[in-house]
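Colleague: Dropping the structure in here first, questions after.
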Amino acid sequence: MAQVGIVMGSDSDMPVMAKAAEILEELGISYEMRIISAHREPDVFFEYAKNAEAAGYKVIIAGAGMAAHLPGMCAAIFPMPVIGIPMHTTSLGGRDSLYSIVQMPSGIPVATVAINGGANAGLLAAKILATSDEALLERLKEYSQSLKESVQKKDARLQETGWQNYAK
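Positions in the sequence shown are counted from 1; adding 575 to them yields my numbering.
The following block contains the structure:
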């Protein structure tokens, strides 16, 4: 049974949403990914959001471009956390999506990550799940340690080569 639902309105969102899936896989978290348009197939969307809790989801990650209805509508129907990922758009650079997601009405909160922030959405979902999963919390700590070690290796290389030769 999937713990996280990942939903996007268009396959053009796949490169960003895939980053959330990659993080969940790395941390051993089960998920289901769907393409469902809240505007073009509202009946399918409503069934998805209404049945998400019964399907075992503890968190939904919803991508949103342009009109950005998907995260807010998920949050209006699904009783557990929803994380919105605003998508970069050609017309307004994703600010339209960002503003739409963060300006949900009172009582309909949507956690929001950066524009195209798929990896952070996956990590936030993992952190939410880790509040009641000690083993997952340990895997998150190990992940954070690996990030620290990666930066330390880069700094050691910089110190060894100097900035002039670092990129060569």
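Positions of the beta carbon are idealized from the N, C-alpha and C atoms, including for glycine.
So residue 677 and residue 635 are in contact, right, with Cβ under 8 Å, and what is the actual spacing, rounded?
Modeller: Residue 677 to residue 635, Cβ: 17 Å. No contact.
Colleague: Ignore the nearest five residues each way along the sequence and tell me which others in residue 651's own chain have a CB closer than 6 Å to its CB.
Modeller: 683
Colleague: Keeping to the same chain, check which residues put their C-beta closer than 8 Å to that of residue 711; ignore five residues upstream and five downstream.
Modeller: Cβ within range, chain order: 602, 603, 604, 701, 704 and 705.
Colleague: At 4 residues or longer, and completely inside the region 599-636: list those alpha helix (DSSP H) runs for me, N to C.
Modeller: 617-626
Colleague: For residue 637, which of 630, 626, 610 and 617 has the nearest alpha-carbon?
Modeller: 610
Colleague: Looking at the structure shown, is residue 684 part of a helix, part of a strand, or coil, going by DSSP?
Modeller: coil
Colleague: Is residue 592 helix, strand or coil when you go by DSSP?
Modeller: helix
Colleague: Can you tell me where the alpha helix (DSSP H) holding residue 648 begins and where it ends?
Modeller: It spans 644-652 - the alpha helix (DSSP H) in which residue 648 sits, taken as one unbroken run.
Colleague: In this structure, does DSSP put residue 731 in helix, strand or coil?
Modeller: helix
Colleague: In the DSSP output, which residue or residues are listed as bridge partners for residue 580?
Modeller: Per DSSP, the beta-bridge partners of residue 580 are 607 and 635.
Colleague: Quick one: what's residue 677 bridged to in DSSP?
Modeller: Residue 677 is not bridged to any residue.
Colleague: Within 10 angstroms of the Cβ of residue 592, are there 16 or more other Cβ atoms? Answer buried if so, exposed if not.
Modeller: buried
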